[in-house]
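Quick notes on the structure that follows.
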Amino acid sequence: MNTLDIFILIILLIGGLNGLRQGLVSAFANLVGWIFALIVGAKYATILAPSMVSLSADPVVQKIAAFAFIVLVMVVFTWIITAFLNKILKSLKLGPLNRLAGGAFGSLKGLMIVLITMQGIGPWVESSPHWKQSKFVQLLIPYAPWATELSKEAAQGALAHIKSDEGAPTSSDSSSDKTQKHAARTDESTNNPFY
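For what it's worth, my numbering labels the leading residue of the sequence shown as 40, then goes sequentially.
Right under this line is the structure:
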């Protein structure tokens with residue numbers, strides 16, 4: 040075990056302990072709640088922005104204020120639901136199981152962070168002796184592209200969902216747009232794994 044292995048282990052332990060402390064319901068609800076809040080905020084900020092005219096006459100400030108308000112409301116709503124669900128689990132004597140599952144979920148979140156980071160920095164540090172001698176790196180590196188692709192697909196899906204409500208192009212426009220985007224992507228491709 041070298042320094043890099045210890046660092047990876049610390050990240051996994053922190054994720055696991057944080058999940059154990061929160062429990063599965065809280066950890067999962069917080070993750071989903073923040074993602075949902077950001078998506079809803081981005082989707083409806085333009086609609087709510089005119090009601091923020093009392094804060095500023097600048098439309099950009101109105102949109103930012105509307106976005107922040109929506110996100111805050113959604114996060115508070117998530118906290119209320121999470122507290123309610125945690126009380127139900129405690130009354131059913133499922134608190135320890137909730138915490139144990141939360142520890143596993145937290146460790147999985149930490150593992151995803153490690154895998155995505157490995158995929159991102161791998162090309163720059165692959166010749167380093169610490170990288171080559173790390174047992175965790177050699178064990179996990181085959182899964183790093185999968186984790187990066189999974190996170191990219193999730194982010195692109197969320198963005199596509201947000202953009203689909205702003206204006207749906209016709210079918211002929213969308214097929215030509217896809218062809219142009221694919222051509223631009225292949226022309227500009229680099230060694231960056233996040234492209």
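Here a beta-carbon is modelled for each residue, glycine too, at the ideal position from N, C-alpha and C.
Item	Value
Would the stretch 134-145 count as touching the stretch 51-69 if we require 3 or more Cβ pairs under 8 Å?	yes
Quick one: residues in its chain with C-beta nearer than 7 Å to the C-beta of S213, no 5 flanking neighbours on either side, listed in chain order?	The predicted model places S213 with a pLDDT of 49, which falls under 50 and marks its position as unreliable; any figure quoted below should be read in that light. Excluding sequence neighbours, S213 sits near nothing in its chain.
Please look up how many angstroms separate the CB atoms of I109 and G80, rounded, as I've assumed it's under 8 Å.	4 Å
Using the beta-carbon count (16 or more within 10 Å), is I22 buried or exposed?	Residue coverage of the chain in this structure runs from 40 to 234, which leaves residue 22 outside it and unanswerable.
Using C-beta distances below 7 Å, list every residue in its chain close to A105, excluding the 5 sequence neighbours before and after it, in chain order.	A84, L87, A88, M91
Between which two residues does the alpha helix (DSSP H) harbouring D44 extend?	42-61
Once the 5 residues before and after G62 are set aside, which same chain residues still bring their CB inside 6 Å of it?	N137, R138, G141
May I ask which residues mark the beginning and end of the alpha helix (DSSP H) holding L94?	Looking at the DSSP string, L94 is not in any alpha helix (DSSP H), and its letter there is neither H nor E.
Quick check on DSSP: helix, strand or coil for K132?	coil
Whole-angstrom Cβ separation of A68 and T121, contact assumed at under 8 Å?	4 Å
Looking at the unbroken alpha helix (DSSP H) that takes in P168, where does it start and where does it end?	168-172
Shortest alpha-carbon distance to M113 belongs to which of K82, P162, P168?	K82
Looking at C-alpha atoms only, which residue of I78, K171, A199 is the closest neighbour of T42?	K171
Considering only residues of the same chain and omitting the five flanking positions on each side of L154, which have a CB-CB separation below 8 Å?	L179, Y182, A183, W185, A186, T187
Mark I49 as exposed unless 16 or more other C-beta atoms lie within 10 angstroms of its C-beta, in which case mark it buried.	exposed
Is E247 helix, strand or coil by DSSP?	Because the chain spans 40 through 234 in this model, residue 247 falls outside it and cannot be assessed.
Going by the CB atoms, is the gap between G196 and L51 shorter than 8 Å?	no
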